[in-house]
Amino acid sequence: MDTLQAIRERHSVRAYTEQKIEEDKRAVLEKLVNEINAESGLHMQIHFDDPEGFDSRLAHYGRFENVNNYIVLAGKKDEDIEEKCGYYGEKLVLEAQKLGLNTCWVASTFNKSVVKKLLPPEEKLCVVISLGYGQTQGVQHKGKSLEHVVASKGNMPDWFRAGAEAALLAPTAINQQKFKMGIKDGEPVIKVSGIGVLTKVDLGIVKYHFEVASGRKVQ
Ligand SMILES: Cc1cc2nc3c(=O)[nH]c(=O)nc-3n(C[C@H](O)[C@H](O)[C@H](O)COP(=O)(O)O)c2cc1C
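In my numbering, the protein residues as written are 10 to 228.
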């Protein structure tokens with residue numbers, strides 16, 4: 010499966026089976042986490058066979074079931090941290106999808122006190138991602154139309170249309186899709202549009218989808 014196909018097939022999955030993640034798949038994900046931490050300066054961690062992170066009434070209330078593996082997105086507090094967590098977290102999400110695993114981004118419905126203990130006090134906990142074999146493959150979210158999120162008028166170049174379509178498939182907090190895309194001086198621009206929650210994390214996720222599908226770097 011290539012990354013574009015993973016973008017099309019990924020949907021949030023909150024209920025998992027008891028099937029353990031195989032050693033070879035763990036190794037692939039751990040290697041990617043190490044590469045991401047080296048490149049980004051983030052402190053991303055992956056925890057296998059550790060149900061405590063989602064052992065809370067809140068997680069149950071949030072319809073999370075059998076979450077035995079999760080990824081912690083955290084790092085030194087700086088102004089880019091949320092966007093970086095979104096960008097690199099989605100890279101990991103799509104790699105997991107390619108390995109036949111399922112995921113869900115989670116900002117609130119996990120056990121925060123357990124997860125916070127995994128981090129040094131000076132680091133900011135951004136979001137976590139649940140990981141495992143889903144009981145289902147999830148469902149496609151309903152979303153905004155291309156016209157709704159594209160600021161530039163007129164004909165779209167093929168690369169831009171491909172990027173924008175992939176951006177619309179990106180997960181966003183409460184499916185808010187608070188972003189607008191356009192072209193300035195021949196280059197793609199994506200910005201947060203309006204007020205929402207975790208819009209900077211969403212922006213990083215959306216930019217990653219756009220880049221994969223368009224082959225263009227977004228500033
Ligand atoms: C930054 C972020 C935070 C999220 N937090 C939660 C959460 O706390 N609980 C939850 O059930 N889903 C959470 N989600 C999942 C979104 O609800 C989901 O991505 C959105 O509805 C789109 O659906 P899809 O992922 O299936 O495309 C979060 C998603 C993102 C990107």
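We put the CB at the ideal spot given by N, CA and C, even for glycine.
_Three or more C-beta pairs under 8 angstroms: does that hold for the stretch 40 to 54 against the stretch 21 to 32?_
no
*Per DSSP, the bridge partner or partners of residue 74*: Within the sequence shown, the letter at position 65 stands for residue 74. Residue 74 pairs with 24.
*Heavy atom of ligand 1 within 7 angstroms of residue 66 beta-carbon*: Locating residue 66 in the sequence shown gives position 57, where the first residue counts as 1. Flag unset: Cβ of residue 66 not near ligand 1.
*What's the gap between the Cα of residue 88 and the Cα of residue 159?*
The sequence position of residue 88 within the sequence shown is 79, counting from 1. The sequence position of residue 159 within the sequence shown is 150, counting from 1. Cα-Cα distance, rounded: 26 angstroms.
*Within the same chain, show all residues whose beta-carbon is closer than 6 angstroms to that of residue 34, passing over the 5 residues directly before and after it, in chain order.*
Residue 34 sits at position 25 when you count from the first residue of the sequence shown. Closer than 6 angstroms at Cβ, skipping near neighbours: 108.
*So, helix, strand or coil for residue 126, using DSSP?*
As a first step, residue 126 must be located in the sequence shown, where it is residue number 117. DSSP places residue 126 in coil when its eight states are reduced to three.
*Keeping to the same chain, check which residues put their C-beta closer than 6 angstroms to that of residue 176; ignore five residues upstream and five downstream.*
In the sequence shown, residue 176 corresponds to position 167, counting from 1. For residue 176, where only same-chain residues beyond five positions count, the Cβ hits under 6 angstroms are 215, 218, 219.
*Could you name the residues whose beta carbon sits closer than 6 angstroms to any heavy atom belonging to ligand 1, keeping them in chain order?*
20, 21, 23, 71, 113, 114, 115, 116, 117, 118, 136, 147, 150, 180, 181, 182, 183, 184, 207, 210, 211, 214
_residue 38, DSSP secondary structure in three states_ = Locating residue 38 in the sequence shown gives position 29, counting from the first residue. Residue state, collapsed to three classes: helix.
*Helix, strand or coil: which one does DSSP assign to residue 204?*
One-based indexing of the sequence shown puts residue 204 at position 195. Coil.
*Keeping to the same chain, check which residues put their C-beta closer than 8 angstroms to that of residue 61; ignore five residues upstream and five downstream.*
As a first step, residue 61 must be located in the sequence shown, where it is residue number 52. Result list for residue 61: 120, 123, in chain order.
*asked:* Using C-beta distances below 7 angstroms, list every residue in its chain close to residue 135, excluding the 5 sequence neighbours before and after it, in chain order.
replied: Your numbering for residue 135 matches position 126 in the sequence shown. Result list for residue 135: 82, 83, 90, 91, 94, 210, in chain order.
*Best match in 141, 225, 182 for proximity to residue 110 [C-alpha to C-alpha]*: To locate residue 110, count along the sequence shown from 1; it is residue 101. Among 141, 225, 182, the Cα nearest to that of residue 110 is on 141.
_Assuming contact is defined by CB atoms lying nearer than 8 angstroms, are residue 138 and residue 204 in contact in what I supplied?_
Position 129 of the sequence shown holds residue 138. Position 195 of the sequence shown holds residue 204. For residue 138 and residue 204, no; Cβs fall outside 8 angstroms.
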